[in-house]
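If you read the sequences in order, they're chains L and D. First residue of the first sequence? That's 5 in this note's numbering, and the numbers climb one at a time after it. First residue of the second sequence? That's 5 in this note's numbering, and the numbers climb one at a time after it. All residues carry an ideal CB built from backbone N, CA and C; glycine is no exception. Below is one structure, written out as structure tokens; comments come after it.
Number of protein chains: 2
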Amino acid sequence: MVESTDFFMQRLLIGLDVGGTKTAALLADVNGKALAETAVPTYTTTPEALLSTITRAVRAVLAEVRATPRQIECIGMGVPGLVDPATGIVQLAVNLNLQRYPLGPAVSARFKTPTFLENDVRTAAVGAFAYVQQMEPVQSLAYVSIGTGVAAGVILNGRLHRGHNGMAGEIGHMIVEPGGERCNCGQHGCLETIVSGPASVRQLIAAAPEMQTTVRNAGDVYEAAVQGNAAAQAIVQRVGQHLSRAIQWLVMMYDVEKIVIGGGVTRSGDPFMAPIRHELAQLRQHSPLATALLGEEKVHLMPPDYNPGLWGAVRLAVNGNR
Amino acid sequence: MVESTDFFMQRLLIGLDVGGTKTAALLADVNGKALAETAVPTYTTTPEALLSTITRAVRAVLAEVRATPRQIECIGMGVPGLVDPATGIVQLAVNLNLQRYPLGPAVSARFKTPTFLENDVRTAAVGAFAYVQQMEPVQSLAYVSIGTGVAAGVILNGRLHRGHNGMAGEIGHMIVEPGGERCNCGQHGCLETIVSGPASVRQLIAAAPEMQTTVRNAGDVYEAAVQGNAAAQAIVQRVGQHLSRAIQWLVMMYDVEKIVIGGGVTRSGDPFMAPIRHELAQLRQHSPLATALLGEEKVHLMPPDYNPGLWGAVRLAVNGNR
Chain L
5 MVESTDFFMQ
15 RLLIGLDVGG
25 TKTAALLADV
35 NGKALAETAV
45 PTYTTTPEAL
55 LSTITRAVRA
65 VLAEVRATPR
75 QIECIGMGVP
85 GLVDPATGIV
95 QLAVNLNLQR
105 YPLGPAVSAR
115 FKTPTFLEND
125 VRTAAVGAFA
135 YVQQMEPVQS
145 LAYVSIGTGV
155 AAGVILNGRL
165 HRGHNGMAGE
175 IGHMIVEPGG
185 ERCNCGQHGC
195 LETIVSGPAS
205 VRQLIAAAPE
215 MQTTVRNAGD
225 VYEAAVQGNA
235 AAQAIVQRVG
245 QHLSRAIQWL
255 VMMYDVEKIV
265 IGGGVTRSGD
275 PFMAPIRHEL
285 AQLRQHSPLA
295 TALLGEEKVH
305 LMPPDYNPGL
315 WGAVRLAVNG
325 NR
Chain D
5 MVESTDFFMQ
15 RLLIGLDVGG
25 TKTAALLADV
35 NGKALAETAV
45 PTYTTTPEAL
55 LSTITRAVRA
65 VLAEVRATPR
75 QIECIGMGVP
85 GLVDPATGIV
95 QLAVNLNLQR
105 YPLGPAVSAR
115 FKTPTFLEND
125 VRTAAVGAFA
135 YVQQMEPVQS
145 LAYVSIGTGV
155 AAGVILNGRL
165 HRGHNGMAGE
175 IGHMIVEPGG
185 ERCNCGQHGC
195 LETIVSGPAS
205 VRQLIAAAPE
215 MQTTVRNAGD
225 VYEAAVQGNA
235 AAQAIVQRVG
245 QHLSRAIQWL
255 VMMYDVEKIV
265 IGGGVTRSGD
275 PFMAPIRHEL
285 AQLRQHSPLA
295 TALLGEEKVH
305 LMPPDYNPGL
315 WGAVRLAVNG
325 NR
């Protein structure tokens with residue numbers, strides 16, 4: 005690989021998706037072109053261990069193109085928890101073992117560069133927004149993340165809507181089955197207790213205890229459904245019904261232009277989306293309102309080769325705290 | 005009544021709440037002080053008849069203080085339907101018998117004054133926002149109107165959130181009982197089919213057909229519940245459960261600072277609010293999340309002596325289309 009001296013002067017952007025298990029990094033030039041991507045295991049024993057994780061991820065992507073930390077123009081980070089983007093303080097991130105920790109300033113100090121952070125789902129919403137805008141000039145969308153947790157990031161007038169307490173889009177804690185399963189939040193029957201990845205697994209094991217050793221994640225549940233397992237099919241259908249309703253609610257509440265769905269559970273692709281599309285088609289069949297607001301082009305599944313969390317983090321680096 | 009010549013020079017604002025049955029008008033000075041209020045029956049046979057209705061209402065409030073149309077600085081109007089505030093066009097207002105009619109420009113022409121119009125629930129949300137701001141400096145709220153229809157007007161960052169199609173806040177059409185009663189919108193089991201005024205009446209008459217002649221509106225249902233009628237009590241409780249959940253959803257989705265409830269059905273006061281407050285207290289009991297986001301001070305009932313629709317219309321006159 006031959007590089008001109010110019011390359012060593014090039015300004016670079018780094019997007020980080022800091023997760024409880026792994027931390028991914030994307031290196032891009034200032035025009036947003038991807039140069040390198042990597043992922044390292046996340047260490048969460050102490051804030052210092054987390055900082056080392058981030059440092060390792062940053063050095064790894066820089067090393068891929070033989071760049072130096074001095075070339076970094078800006079860093080954007082998505083963090084799973086309640087964060088304050090204005091100060092860079094992580095108020096609470098259980099999976100990162102952080103509480104009231106100034107992660108933004110700490111990373112800034114380490115690389116001597118501006119750092120912007122945001123909640124991970126909102127960061128992914130920014131990435132989803134950039135993705136959709138490549139196709140059409142929308143101004144609003146809701147990005148629904150279905151994984152271990154369930155939440156939405158909402159873009160209105162081209163900007164993130166965070167809410168008064170930074171809790172806007174917490175659709176995983178909308179109560180959908182009063183008196184239902186107890187949620188970590190203390191409420192009963194939250195959407196998350198039905199449609200999250202772990203919830204699908206729990207439901208299948210409860211219905212078919214003999215599958216305890218073979219079903220480890222939502223992908224296994226969808227796979228079992230495809231293979232014809234009746235219990236898995238019932239769960240997949242139930243999840244689809246609840247998610248199509250959550251989509252209907254998001255649209256009636258926010259009247260956003262697009263709904264984009266992503267997150268680990270959605271990687272099953274068609275088996276995941278088919279029940280949702282079926283329910284929405286049923287709604288449209290008898291309702292002019294649903295036809296107008298929930299058309300076929302309304303809901304997009306994030307393609308598996310586009311990582312909205314990483315691209316959103318790069319956008320944070322480009323836009324700063326706007 | 006002795007008036008100085010100055011009075012005849014005073015600039016005046018008019019707020020109008022144009023309803024399917026009656027049209028109310030509020031006259032205020034430019035500082036927002038109320039000077040006169042009136043209501044006239046609404047005629048909807050033709051757009052011209054509606055314009056005459058509006059003219060009568062305006063003349064009536066002006067006459068009360070012996071002012072002339074030339075003193076009108078600006079008119080604000082709330083209209084029950086889908087409107088385009090930027091152009092003043094009413095896209096569809098079934099109860100006013102209007103479709104694609106430039107009501108704003110028509111009223112402007114008649115009184116030779118700027119006229120701003122907005123959907124009636126959003127207008128009331130603006131009025132509710134002004135009301136709450138007298139007490140505390142909030143920047144966001146959702147105003148939930150429970151009457152013949154059910155909808156919310158949402159204020160974010162001090163401004164109305166209208167949505168891409170002007171349909172934001174249509175919570176009456178959130179599906180809460182899949183396969184439930186058919187709604188006017190064509191969907192089944194919309195919130196409106198359970199908690200609206202007519203829905204309460206229908207449910208009580210279905211449960212107690214002998215009450216058909218005595219129960220005419222939601223007030224009668226709440227009155228019957230207070231008097232100990234078991235069927236009415238069950239309906240009141242069901243409405244409270246659904247509304248408390250709708251409030252929980254609004255808060256999880258939007259993370260607004262306040263929820264304000266108003267509209268005809270809420271005039272029963274305590275019997276209306278008690279089941280909602282009870283449900284929310286139950287939620288708080290076991291959930292730190294609900295305690296943080298749904299505290300006792302979160303939900304306000306609009307006092308019966310404050311008309312948010314009229315005051316919101318006056319605010320539209322003050323602020324224009326902002």
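Out of the options, state which residue places its alpha-carbon closest to the alpha-carbon of residue i.
| i | options | result |
| --- | --- | --- |
| D124 (chain D) | D:G267, D:E301 and D:G232 | D:G267 |
| A29 (chain D) | D:P45, D:N35 and D:A61 | D:A61 |
| Q252 (chain D) | D:V269, D:A229, D:L287 and D:S272 | D:L287 |
| G173 (chain L) | L:S204, L:N161 and L:V148 | L:V148 |
| A113 (chain D) | D:F133, D:E52 and D:G36 | D:E52 |
| R126 (chain L) | L:E283, L:G167 and L:Y105 | L:G167 |
| N161 (chain L) | L:I175, L:V154 and L:V130 | L:V130 |
| K262 (chain L) | L:Q14, L:M306 and L:A210 | L:M306 |
| Q318 (chain D) | D:A285, D:R74, D:A71 and D:A128 | One point to set straight first is that residue 318 (chain D) is Val, not Gln, in the sequence displayed. Closest option to V318 (chain D), Cα to Cα, is D:A128. |
| T27 (chain L) | L:I58, L:L284 and L:T49 | L:I58 |
| E181 (chain L) | D:A250, D:L54, D:G24 and D:R70 | D:A250 |
| V269 (chain L) | L:A296, L:I198, L:V255 and L:L39 | L:I198 |
| H165 (chain D) | D:N99, D:H177, D:F276 and D:S144 | D:S144 |
| S204 (chain L) | L:E283, L:V303 and L:Q241 | L:Q241 |
| G151 (chain D) | D:N169, D:Q137 and D:I175 | D:I175 |
| K302 (chain L) | L:N323, L:A321, L:I280 and L:L320 | L:I280 |
| A234 (chain L) | L:Q245, L:A212 and L:H246 | L:A212 |
| F276 (chain L) | L:F120, L:Y226, L:T119 and L:L100 | L:Y226 |
Which stretch, first to last residue, makes up the alpha helix (DSSP H) that contains residue i?
| i | result |
| --- | --- |
| N323 (chain L) | P312 to N323 |
| I175 (chain D) | Segment: none, I175 (chain D) is in no alpha helix (DSSP H) and carries neither H nor E. |
| Q289 (chain D) | D274 to H290 |
| L195 (chain L) | Careful: L195 (chain L) lies outside any alpha helix (DSSP H) and carries neither H nor E. |
| V65 (chain L) | P51 to E68 |
So who's on the other strand from residue i, going by DSSP bridges?
| i | result |
| --- | --- |
| C187 (chain L) | Its beta-bridge partners do not exist; DSSP assigns none. |
| K262 (chain D) | D:L145 |
| R163 (chain D) | D:L160 |
| W31 (chain D) | The displayed chain sequence assigns Leu, not Trp, to residue 31 (chain D). Its beta-bridge partners are D:I18 and D:A40. |
| Q328 (chain L) | Any question about residue 328 (chain L) goes unanswered here, given that chain L covers just 5 to 326. |
| A155 (chain D) | D:S149 |
| V83 (chain L) | L:N123 |
| K26 (chain L) | L:P45 |
| I76 (chain L) | L:L16 |
Just to confirm the assignment, what range does the beta strand (DSSP E) spanning residue i have?
| i | result |
| --- | --- |
| V303 (chain D) | V303 to L305 |
| Y47 (chain D) | First-last for Y47 (chain D): undefined, no H or E at that position. |
| T119 (chain D) | T119 to N123 |
| D88 (chain L) | L86 to D88 |
| G223 (chain L) | Careful: G223 (chain L) lies outside any beta strand (DSSP E), inside the alpha helix (DSSP H) at A222 to V230. |
Taking only beta carbons into account, state which residues of the region 241-254 of chain L come closer than 8 angstroms to chain D, listed in chain order.
Within the region 241-254 of chain L, the residues whose Cβ lies closer than 8 angstroms to some Cβ of chain D are Q245, R249, Q252, W253 and L254, listed in chain order.
What are the residues of the region 290-321 of chain L that lie near chain D, defined by any Cβ-Cβ distance shorter than 8 angstroms?
Cβ contacts with chain D: H290, S291, P292, L293, A294, A296 and L297.
What residues in the region 169-182 of chain D bring their beta carbon closer than 8 angstroms to a beta carbon of chain L?
When CB distances to chain L are screened at a threshold of 8 angstroms, the residues of the region 169-182 of chain D falling below it are N169, G170, M171, A172, G173, E174, I175, H177, M178, I179 and P182, in chain order.
Does the region 305-313 of chain D touch the region 213-223 of chain L, meaning 3 or more C-beta pairs lie closer than 8 angstroms?
Flag = no, the region 213-223 of chain L and the region 305-313 of chain D do not touch.
Compile a chain-ordered list of the residues in the region 142-169 of chain D whose CB is closer than 7 angstroms to at least one CB of chain L.
The region 142-169 of chain D vs chain L, Cβ under 7 angstroms: S144, L160, H165, G167, H168 and N169.
Segment contact flag, the region 283-297 of chain D with the region 187-205 of chain L, C-beta cutoff 8 angstroms, min 3 pairs
At 8 angstroms Cβ cutoff, the stretches touch.
Name, going along the chain, the residues of the region 190-206 of chain D whose beta-carbon falls closer than 7 angstroms to a beta-carbon of chain L.
Cβ proximity to chain L below 7 angstroms picks out G190 and Q191 from the region 190-206 of chain D.
Report yes or no: do the region 12-29 of chain L and the region 76-85 of chain L share at least 3 C-beta pairs separated by less than 8 angstroms?
Yes, the region 12-29 of chain L is in contact with the region 76-85 of chain L.
Residues of the region 63-86 of chain D with Cβ closer than 8 angstroms to any Cβ of chain L, in chain order:
Residues: none.
Would you be able to state if there are at least three C-beta pairs under 8 angstroms between the region 92-109 of chain L and the region 30-38 of chain L?
Fewer than three beta-carbon pairs drawn from the region 30-38 of chain L and the region 92-109 of chain L are found closer than 8 angstroms, and the two stretches are therefore not classed as touching.
Interface residues of the region 256-283 of chain L facing chain D [CB-CB below 7 angstroms]
Within the region 256-283 of chain L, M256, M257, Y258, D259, V260 and E261 place their CB atoms closer than 7 angstroms to a CB of chain D, listed in sequence order.
Relative to chain D, which residues along the region 19-43 of chain L have a C-beta separation below 7 angstroms, given in chain order?
The residues in question: there are none.
Contact residues within the region 100-122 of chain L, judged by C-beta distance below 9 angstroms to chain D:
If you check each beta-carbon in the region 100-122 of chain L against every beta-carbon of chain D, none falls closer than 9 angstroms.
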